[in-house]
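In UniProt numbering, the protein residues as written are 1 to 241.
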């Protein structure tokens, strides 16, 4: 009975927010999404979409991100699946250039990353900072997301007109992980299983990446544990003057 009353309360609050005149502000939009999730009213959302609701609606949060980006960022798997089912643009981006895949990867929501990739989201898409989803995952220490994205078929992504390649993304991910001290990701990228990568695409400990112009050791020194790990791999350290 208590659970029913709680869900009813969330439902009423969700409908109250949806009936407000004018656009909701950032906080109200997040609260609306929260109450919709707690109320378990995905059937209601489905009916709204069938009634003509815009599945590619651009919100006022996350740099005017489309609704699919917001749901991916918040980790609402069921809502993401619903929007994708009705044909939401899987590669629609916010004003910062981040797509739903980028937001999900940055937040570490593997289930949503998998859903988006099944809909052929572009794994090689770069935001306005030149970062792809793999780099965003590595920057925040999401090892399982990193593993999945590397195993995706990048040959279907268009390779950004031949400029940006999977090998570039892997090297950038190494630098990103080293800069934040994520030794597990560094270890994985430097020793990718043969079934995942050919030797030419494995991260190179002393190679400069194309995003920051750094090597794994030049950034790894910020974290003692990461630096010691890299030294054990016999990295050729270049003296700094």
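Note that the Cβ used here is the ideal one computed from N, Cα and C, for glycine as well.
Who pairs with residue i in a beta bridge, going by DSSP?
| i | result |
| --- | --- |
| residue 58 | 66 |
Classify residue i as helix, strand or coil using the three-state DSSP reduction.
| i | result |
| --- | --- |
| residue 90 | coil |
| residue 159 | For residue 159, the pLDDT reaches just 48, beneath the cut-off of 50, and the residue's location in the model is therefore unreliable, leaving the point undetermined. |
| residue 53 | coil |
| residue 33 | helix |
| residue 140 | coil |
| residue 164 | coil |
| residue 84 | helix |
| residue 195 | Residue confidence is low: residue 195 scores 46 on pLDDT, short of 50, so the model does not pin down where it sits. No coordinate-derived value is stated. |
| residue 182 | coil |
| residue 38 | helix |
| residue 131 | coil |
| residue 23 | coil |
| residue 76 | coil |
Using only the alpha-carbon positions, how far apart do residue i and residue j sit?
| i | j | result |
| --- | --- | --- |
| residue 12 | residue 118 | 34 Å |
| residue 116 | residue 100 | 8 Å |
| residue 172 | residue 153 | 18 Å |
| residue 48 | residue 35 | 16 Å |
| residue 139 | residue 176 | 5 Å |
| residue 29 | residue 134 | 28 Å |
| residue 122 | residue 95 | 17 Å |
| residue 16 | residue 191 | 53 Å |
| residue 151 | residue 20 | 45 Å |
| residue 114 | residue 105 | 10 Å |
| residue 143 | residue 132 | 15 Å |
| residue 78 | residue 184 | 30 Å |
| residue 98 | residue 136 | 10 Å |
| residue 22 | residue 14 | 15 Å |
| residue 61 | residue 129 | 19 Å |
Tell me, please, whether the CB atom of residue i is closer than 9 Å to any CB atom in chain B?
| i | result |
| --- | --- |
| residue 66 | Looking for chain B here will not work: only one protein chain is present. |
Rounded to whole angstroms, how far is the Cβ of residue i from the Cβ of residue j, which I believe are closer than 8 Å?
| i | j | result |
| --- | --- | --- |
| residue 75 | residue 112 | 7 Å |
| residue 72 | residue 109 | 7 Å |
The ligand NAD and residue i: does any heavy atom of the ligand fall closer than 8 Å to the residue's C-beta?
| i | result |
| --- | --- |
| residue 12 | Summarising the ligand content, the structure contains no ligands, and the ligand NAD is consequently not present. |
Tell me the start and end of each unbroken alpha helix (DSSP H) in the UniProt repeat "ANK" (96-128) that is at least 4 residues and wholly inside, in chain order.
100-107 and 110-118
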